[in-house]
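Read through the structure below, which is laid out as structure tokens, and then see the notes.
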Amino acid sequence: MLVQVNHAQGVAYTAKKLNLKAVIFMPVTTPRQKINQVNFLGEDNVEIVLIGDTFDHCLTEALNYTQRHEMNFIDPFNNIFTISGQRTLAKEMINQAKIDNVEFDYLF
1 MLVQVNHAQG VAYTAKKLNL KAVIFMPVTT PRQKINQVNF LGEDNVEIVL
51 IGDTFDHCLT EALNYTQRHE MNFIDPFNNI FTISGQRTLA KEMINQAKID
101 NVEFDYLF
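Position one of the sequence shown corresponds to residue 1 (the UniProt record's numbering), numbered consecutively onward.
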């Protein structure tokens, strides 16, 4: 369960591949395109909950939900495993850029 949309897409995809259930919280202001992409990637393995106007409000609701339902919470950025995964991805991108002889000034 989480509340950051780009991370939600990764969790949705993983939930489908591993046949797990994921409840994904997003603010009501999330663009329809992002919601549709999460649904597309997760299909029947994903339940999307749109709540709150801000990330912080949505995060609070997601944390409360996970406690009430005794579920795991996958933090979109404030977790050592998430950070490690992002670091690995950045390293792979830098290595691939070297192979392809591509130079860039910034990597976001």
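All C-beta atoms in this analysis are idealised placements derived from N, C-alpha and C, irrespective of residue type, glycine included. This one's a predicted model, so the numbers in the text were calculated from it and none came from an experiment.
To the nearest whole angstrom, what separates the beta carbons of residue i and residue j, a pair I think is in contact under 8 Å?
{"i": "Gly52", "j": "Val23", "result": "Not quite, the Cβ-Cβ distance comes to about 15 Å (not below 8 Å), so this is no contact."}
{"i": "Leu50", "j": "Met26", "result": "6 Å"}
Cutting at 7 Å between CB atoms, please list the residues of its own chain near residue i, excluding the five before and the five after it.
{"i": "Glu61", "result": "Phe25, Ile51 and Gly52"}
{"i": "Gln37", "result": "Gln9"}
Please report the straight-line C-alpha distance between residue i and residue j, rounded to a whole angstrom.
{"i": "Thr30", "j": "Asn45", "result": "20 Å"}
{"i": "Ser84", "j": "Pro76", "result": "12 Å"}
{"i": "Gly42", "j": "Thr14", "result": "8 Å"}
{"i": "residue 145", "j": "Gln67", "result": "A query on residue 145 cannot be resolved here, the shown segment of the chain reaching from 1 to 108 and no further."}
{"i": "residue 188", "j": "Ile94", "result": "Lying outside 1 to 108, the shown extent of the chain, residue 188 is not represented and no answer is given."}
{"i": "His57", "j": "Lys91", "result": "33 Å"}
Give every residue of the same chain whose Cβ lies closer than 8 Å to the Cβ of residue i, excluding the five residues on either side of it in the sequence, and list them in chain order.
{"i": "Glu47", "result": "Lys21, Ala22, Val23 and Ile24"}
Name, in chain order, the residues that DSSP records as bridge partners for residue i.
{"i": "Phe25", "result": "Val49"}
CB-CB under 6 Å to residue i, same chain, minus the five flanking residues each way: which ones, in chain order?
{"i": "His7", "result": "Pro76"}
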